[in-house]
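Residue numbers (my numbering): 107 to 408. First up is the structure itself, then whatever we jot down about it.
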């Protein structure tokens, strides 16, 4: 904010430089942000959520050994030392061949020696087969021609003792009403992932805002009617996660989009290595420090 003694000069410049004023601050705004942050942590700690992950990896064609012993291809905490093998067939079908069936369940029922597993598709609509052992279970996901193992344990320390996040101070000036500029035809945005894969995503428009005399743009992905921004800024790698932060916004209304950077989030892969996340595309790498929202996740270490 300009000092009072600088106001006259700033006022003159304001007629020449485009700017975005902060959106009107709602009553009890800081309390609302604090509540939203607490709700996000509660959501992360839900049963079967990201914090329950204990193992992950992509299957190779043929046999993939699974168990808690270090000599397995997939080392899964909580599993028997040598649970068995995940067999990936040429047609993409996956079966679990168990070394011992005692104490192992398939979708809650006693396991057979050989069990064909349903996979979870990329849209998450098909429920995968769960192979359970103790308080843990594993399942298989599919991504195109790839098949991957995921293991979870709701008693995992990250879930039961999640330390929460550090945050920048809540600042209403980072609650910005941006202009929504729709594209005449959808643009294709290349989104890279931490695994190295790249996908083309149609983009309907962009959010444009101004700060400190400069103009900035962000391209969102449509996610079930909401706008989903994957961005970085000049705090990335130092104060915030280097790959990206996430920001959600309501659909444009009357040519405007509300960007509340106080609600900017760490992606799941900043918290656990067992999730695949998008990286901020070049178009969304802001050349300014966004000192709002969640800071780099330290895992309880300060």
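Built from N, CA and C at the ideal position, the CB exists for glycine as well. No experiment lies behind these values; they were computed from the predicted model shown.
Exposure label - residue 226; buried when at least 16 CB within 10 Å: Counted from its first residue, the chain shown places residue 226 at position 120. Residue 226 should be labelled buried.
Selection from 174, 396, 144 and 383 that minimises the alpha carbon distance to residue 274: Counted from its first residue, the chain shown places residue 274 at position 168. Of 174, 396, 144 and 383, the residue nearest in Cα terms is 396.
Touching by the beta-carbon criterion (3+ pairs, under 8 Å), the segment 289-306 and the segment 351-359: By the Cβ criterion, the segment 289-306 is not in contact with the segment 351-359, since fewer than three pairs of Cβ atoms, one from each stretch, lie closer than 8 Å.
Helix, strand or coil at residue 378 [DSSP, three-state]: Against the chain shown, residue 378 aligns to sequence position 272. Of the three classes helix, strand and coil, the one that applies to residue 378 here is coil, per DSSP.
Between the CA atoms of residue 372 and residue 469 - distance to the nearest angstrom: Absent from the model: residue 469. The displayed extent of the chain is 107 to 408, so no value can be given.
CA nearest to the CA of residue 220, picked from 183, 169 and 196: Counting from one through the chain shown, the residue named residue 220 turns up at place 114. It is 169 whose Cα lies nearest to the Cα of residue 220.
Which listed residue (267, 151 and 386) has its alpha carbon closest to that of residue 334: Residue numbering aside, residue 334 sits at position 228 when the chain shown is read from its first letter. Per the Cα distances, 386.
Cβ-Cβ distance between residue 399 and residue 370 below 8 Å: Locating residue 399 in the chain shown gives position 293, counting from the first residue. Locating residue 370 in the chain shown gives position 264, counting from the first residue. Closer than 8 Å, so yes.
Whole-Å CB distance - residue 381 paired with residue 180, under 8 Å assumed: For the purposes of this step, residue 381 is identified with residue 275 of the chain shown, where counting begins at 1. For the purposes of this step, residue 180 is identified with residue 74 of the chain shown, where counting begins at 1. So it is not a contact: roughly 16 Å between Cβ atoms.
For residue 156, the residue or residues it bridges with in DSSP: Taking the chain shown and counting its residues from 1, the one referred to as residue 156 is at position 50. BP columns for residue 156 are empty, so no partner.
Status (buried if at least 16 other CB within 10 Å, exposed otherwise) for residue 378: Position 272 of the chain shown, counted from the first residue, corresponds to residue 378. Here residue 378 is buried, its C-beta having at least 16 other C-beta atoms within 10 Å.
Beta-bridge pairing of residue 225 - partner residues as DSSP gives them: Taking the first residue of the chain shown as position 1, residue 225 is located at position 119. In the DSSP output, where bridge partners are listed per residue, residue 225 has 246.
Cβ pair residue 290, residue 314 closer than 8 Å: Here residue 290 refers to the residue found at position 184 when the chain shown is read from its first residue. Here residue 314 refers to the residue found at position 208 when the chain shown is read from its first residue. No. Outside cutoff.
C-alpha distance - residue 312 paired with residue 340, whole-angstrom precision: Residue mapping note: residue 312 aligns to position 206 of the chain shown, counting from 1. Residue mapping note: residue 340 aligns to position 234 of the chain shown, counting from 1. Approximately 20 Å, taken between the alpha carbons.
Reduced DSSP category for residue 147 - H, G, I as helix; E, B as strand; rest coil: Walking along the chain shown from the start, residue 147 turns up at place 41. Helix, per DSSP.
Assigned secondary structure, residue 135 (DSSP; H/G/I helix, E/B strand, else coil): As a working mapping, residue 135 is identified with position 29 in the chain shown. It is helical.
DSSP-derived helix/strand/coil call for residue 141: For the purposes of this step, residue 141 is taken as residue 35 along the chain shown, with counting starting at 1. It is helical.
Local Cβ density within 10 Å of residue 147, reported as buried at 16 or more and exposed below that: The sequence position of residue 147 within the chain shown is 41, counting from 1. Residue environment for residue 147: exposed (fewer than 16 other C-beta atoms within 10 angstroms of its C-beta).
Residue 253, enclosing beta strand (DSSP E) - first and last residue: As a working note, residue 253 is residue 147 in the chain shown. First-last of the beta strand (DSSP E) with residue 253: 252-259.
Length of the line joining the Cα atoms of residue 329 and residue 177: By 1-based counting over the chain shown, the position of residue 329 is 223. By 1-based counting over the chain shown, the position of residue 177 is 71. Approximately 41 Å between the Cα atoms of the pair.
Length of the line joining the Cα atoms of residue 367 and residue 276: Working through the chain shown from its first residue, we reach residue 367 at position 261. Working through the chain shown from its first residue, we reach residue 276 at position 170. Rounded to whole angstroms, the gap between the alpha carbons of residue 367 and residue 276 is 9 Å.
C-beta contact flag for residue 157 and residue 268 at 8 Å: Along the chain shown, one-based indexing puts residue 157 at 51. Along the chain shown, one-based indexing puts residue 268 at 162. Yes, these two residues count as a Cβ contact at 8 Å.
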